[in-house]
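Going by UniProt numbering, the sequence shown opens with residue 1, and the numbers climb by one from there. The beta-carbon is built from N, C-alpha and C at its ideal position, and this holds for glycine as well. Contents: one structure, followed by commentary.
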Amino acid sequence: MDKMEKDPVTSNEAIKRADYAREKGEVVLRTHEYDGIQEFDQKLPNWWLFTLWGAIAAFFIYYTLYYTLDLLPSSKAQMDAKVEQIEAVRKKALEETLAKLDDSVLVNEWSTNSEIVASGKGIYTQMCAACHGADLAANGGTTGRALNDGEWFYGGKPMDVFKIINEGTPAGSNGLNGLKMVAWGKSGLTPKQVAEVTAYLIDENPKDFAEYKK
Ligand code: HEC
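In structure tokens, the structure reads:
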């Protein structure tokens with residue numbers, strides 16, 4: 001041992017020496033030294049190696065299952081499924097609301113309920129007044145259709161008004177000189193809220209809907 005340490009260190013010898021030291025349970029140092037810093041040359045503990053090899057194996061398993069074989073849903077597929085679920089819930093809510101809704105119900109039940117009308121006015125102020133004006137005159141018709149001029153371009157029945165708000169400018173229509181209405185039922189309003197804001201418009205235009213009054 002003494003002799004060995006005095007010998008110039010060749011790499012083979014260093015390996016032998018390291019093996020010997022390991023057998024004896026001693027700390028093994030690598031032969032190089034930089035700025036007085038030496039490096040251990042120990043076998044890593046099994047638990048540590050297990051996490052390393054485990055992580056590498058997990059990557060291959062994951063990659064194969066998700067991306068090669070498509071056996072498990074990718075994040076995109078999971079998101080798509082969630083969106084589909086939300087769409088289904090929204091569709092059901094719309095169907096439930098629509099099932100109870102008709103011209104007479106809008107005029108005689110919704111537009112006569114002051115709570116509903118107040119809620120509709122709140123929605124109008126927040127989401128509609130920018131284009132249709134706080135006074136419903138649509139800034140003279142430059143940013144939307146006036147909602148107080150006695151004319152309902154897409155039909156004057158209460159349900160027609162509900163429909164244009166819910167579904168927006170119909171496909172194929174050029175809108176108002178190219179300006180189109182958003183489908184609010186798909187971007188921010190529930191069917192109930194669409195019905196509320198419709199009730200508000202009915203309440204603001206009593207003459208237009210008098211024929212439905214019971
Ligand atoms: C970004 C501007 C904009 C906003 C915000 C907007 N609208 Fe409109 N709206 C329009 C335009 C433009 C038209 C005309 C579209 C067309 O002719 O196809 C229109 C048309 C309508 C019509 C049809 C009018 C008619 O004569 O038949 C109704 C009703 C209506 N909007 C209600 C609403 C309600 C309720 C809201 C809020 C939830 C709203 N709008 C928000 C721009 C807007």
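Shown here, T112 sits in coil according to DSSP, grouped into three states, outside any helix or strand. In the structure shown, F153 falls within a coil segment according to DSSP collapsed to helix, strand and coil. Between the C-alpha atoms of D35 and D70 there is a straight-line separation of about 53 Å. When the five nearest sequence neighbours on each side are left out, the beta carbons in the same chain lying within less than 7 Å of the beta carbon of T169 are those of G175, K180, M181, in order along the chain. DSSP places R145 in the coil class of the three-state scheme, outside both helix and strand. For Q193, no pairing in a beta bridge is given by DSSP. A distance criterion of 8 Å places the beta-carbon of P158 beyond contact range of the ligand HEC, judged by its closest non-hydrogen atom.
Taken from the Cβ of T190, every heavy atom of the ligand HEC lies 8 Å or farther away. In the DSSP annotation of this structure, T64 is not part of any beta strand (DSSP E), being labelled neither H nor E. At the C-beta level, P158 and D203 stay beyond 9 Å of one another. Distance between L49 and Y66, taken at the CA atoms: about 25 Å. Going by DSSP, L71 is part of no beta strand (DSSP E) at all; its letter is neither H nor E. Here the alpha carbon of G156 sits roughly 13 Å from the alpha carbon of R145. Taking the C-beta atoms as reference points, D208 is found nearer than 9 Å to W152. Membership of Y20 in the alpha helix (DSSP H) is indicated by the continuous run 11 to 23. For the ligand HEC, a non-hydrogen atom lies closer than 8 Å to the CB of T198.
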